[in-house]
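Novice: My questions will all concern the structure given below.
Below, the structure written as structure tokens:
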């Protein structure tokens, strides 16, 4: 079967990619190898408290929009958060409870400013698009309709408020715009980062040029992945084909337990150290 797919004159297979897959390789080729190629997957380190917070908030918002219209209240959002809350990654129960209350406050404030009757076009919606070299896919937190166009909405819960530069430079948001256009066959240019802790919204209106720039970068990363994967299949040293890129990111890498280079680069962080009260960088 593979020989037939590679026959001369047949269309080149598209590289299947998600924003996370491309970002993983761009950050560290070794991490990409561990995540997507090595089987069985190497053991991962512990879960992180800030990811627990983000996952609970996202799940509560998705479920809130799934409620009957008459039940979409701030109190309901709070109860939904309580229902999915986990203590994973926190220092202790006291810290977990404090952050549950904080996240519940974000949610009640946020949904209190929404119009429950303005049904989103989609929540947690998977979309896809193709380019000359890529088959892209991604899952969007929310898709709104504003006039004749659709808007990509992404929820953020990190320590630092989102910015226009972040919205403009996000490869994921650009891929989502392309996916909405292709999957839903509707106009879409605007992306929004809704930062719940600060109750701020960062906005960017994509142009054909800005989207083309993101596509070009994504295709370049995919080409590098394909070259490295082919080298690995031909017998290259895995650490040469997919070398580690060390730095501060090694202190929280999922695959730190399996990476001596990362362990030697920087000390490990505590699993709750990305919470706002502790001092570290944004998610």
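Numbering (the numbering used here), first residue to last: 6 to 288.
Glycine is no exception: its CB is placed at the ideal position from the N, C-alpha and C atoms.
Since we're looking at a predicted model, the values are computed, not measured.
(1) State the Cα-Cα distance for the pair residue 206 and residue 39, rounded to the nearest angstrom.
(2) Measuring CA to CA, which of 192, 158, 163, 151 is closest to residue 178?
(3) Less than 9 Å between the beta carbons of residue 94 and residue 57, yes or no?
(4) Where does the unbroken beta strand (DSSP E) through residue 150 begin, and where does it stop?
(5) Could you say if the segment 144-154 and the segment 127-134 meet the contact criterion of at least three C-beta pairs nearer than 8 Å?
(6) In three-state terms, what does DSSP make of residue 255?
(7) From which residue to which residue does the alpha helix (DSSP H) around residue 26 run?
(8) Which stretch, first to last residue, makes up the beta strand (DSSP E) that contains residue 131?
(9) Skipping 5 residues on each side, what residues in its chain have a beta carbon closer than 7 Å to that of residue 70?
(10) Do residue 107 and residue 98 have their beta-carbon atoms positioned less than 9 Å apart in this structure?
(11) For residue 161, is the classification buried or exposed, using 16 other Cβ atoms within 10 angstroms of its Cβ as the cut-off for buried?
(12) Can you tell me where the beta strand (DSSP E) holding residue 103 begins and where it ends?
(13) If you follow the beta strand (DSSP E) that residue 159 is part of, which residue opens it and which one closes it?
(14) Do the segment 29-46 and the segment 244-256 touch if we need at least three Cβ pairs shorter than 8 Å?
(15) Within 10 angstroms of its Cβ, does residue 197 collect 16 or more other Cβ (buried), or is it exposed?
(16) Looking only at C-alpha atoms, which of 274, 141, 173 sits nearest to residue 253?
(17) Excluding five sequence neighbours on each side, which residues of the same chain lie with their C-beta closer than 8 Å to the C-beta of residue 6?
Specialist: Let me spell this out:
(1) 35 Å
(2) 158
(3) yes
(4) 139-151
(5) yes
(6) helix
(7) 24-32
(8) 127-135
(9) 125, 128
(10) no
(11) buried
(12) No beta strand (DSSP E) holds residue 103; the alpha helix (DSSP H) holding it covers 98-117.
(13) 154-161
(14) yes
(15) buried
(16) 274
(17) Low per-residue confidence applies at residue 6: pLDDT is 32, beneath 50, and the placement is therefore not dependable enough to give any value.
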